[in-house]
Amino acid sequence: MDFLVEQAYANDIPAIQEILRAGNLSDNFSQCRFVLKASSQDRIIGGIGIEFWDGFVSLRGLIVAKEFKRQGVGKALVAEAVKLCQRTGAEGIYAYTMFWNQRFFYTRGFARVPKESAPAGVAASAVFHFPHYRPCCLMEYQGGSR
Numbered sequence: 118m119d120f121l122v123e124q125a126y127a128n129d130i131p132a133i134q135e136i137l138r139a140g141n142l143s144d145n146f147s148q149c150r151f152v153l154k155a156s157s158q159d160r161i162i163g164g165i166g167i168e169f170w171d172g173f174v175s176l177r178g179l180i181v182a183k184e185f186k187r188q189g190v191g192k193a194l195v196a197e198a199v200k201l202c203q204r205t206g207a208e209g210i211y212a213y214t215m216f217w218n219q220r221f222f223y224t225r226g227f228a229r230v231p232k233e234s235a236p237a238g239v240a241a242s243a244v245f246h247f248p249h250y251r252p253c254c255l256m257e258y259q260g261g262s263r
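To get the working numbering, take the position in the sequence shown, counting from 1, and add 117.
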């Protein structure tokens, strides 16, 4: 399957939010400086938000439409997000993810770290405080992929 990952614009956000809601995830990108989208044949099939906090970055809302999972879309979205964060000079890149997604992020170069180790700005992100996200794990980008 062919798809393209690129910066999303305001008119793309509702389609990404619809996929997030279908996955029972928060669809609030208001704190994101960048949102990336994955599209195939003019259809948005996934996205990821990038929040900046005092030099640190939090990836949020990684989502791929159900029928496009396990086809490399999530991997490509995270890879592009990491590249973008590195180009901006981010001091650290974090993902706050459900525990069942730990392995996915681990194979993308992230390692689980204690929630208490999150930089203040990252910890201030709204998702850290939603009851729905209590079982989440904090993952920090260590570089490379495994």
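Beta carbons are placed, not taken as given, at the ideal position from N, Cα and C, and that holds for glycine. All of these numbers come straight from a predicted model, not from anything done at the bench.
query                                                                                                                                 : result
Can you grab the Cα-Cα spacing for the pair P131 / V190, in whole Å?                                                                  : 19 Å
Quick check on the burial criterion: 16 or more other C-beta atoms within 10 angstroms. Buried or exposed for M215?                   : exposed
Helix, strand or coil, according to DSSP, for Y126 in the structure here?                                                             : coil
Using CA coordinates, which residue listed in Q148, R150, D171 and F120 is at the minimum distance from G163?                         : F120
Could you check where the beta strand (DSSP E) with L154 kicks off and where it finishes?                                             : Position check: residue 154 holds Lys in this sequence, whereas Leu was assumed. First-last of the beta strand (DSSP E) with K154: C149 to S157.
Using alpha carbons as the reference points, say which of T205, A235, A212 and E135 lies closest to I161.                             : E135
Spatial neighbours of F227 within its chain, please: C-beta separation below 7 Å, excluding the five flanking residues on both sides. : A212, M256, E257, Y258 and Q259
Could you check if E233 is buried or exposed, using at least 16 other CB atoms within 10 Å of its CB as the buried criterion?         : exposed
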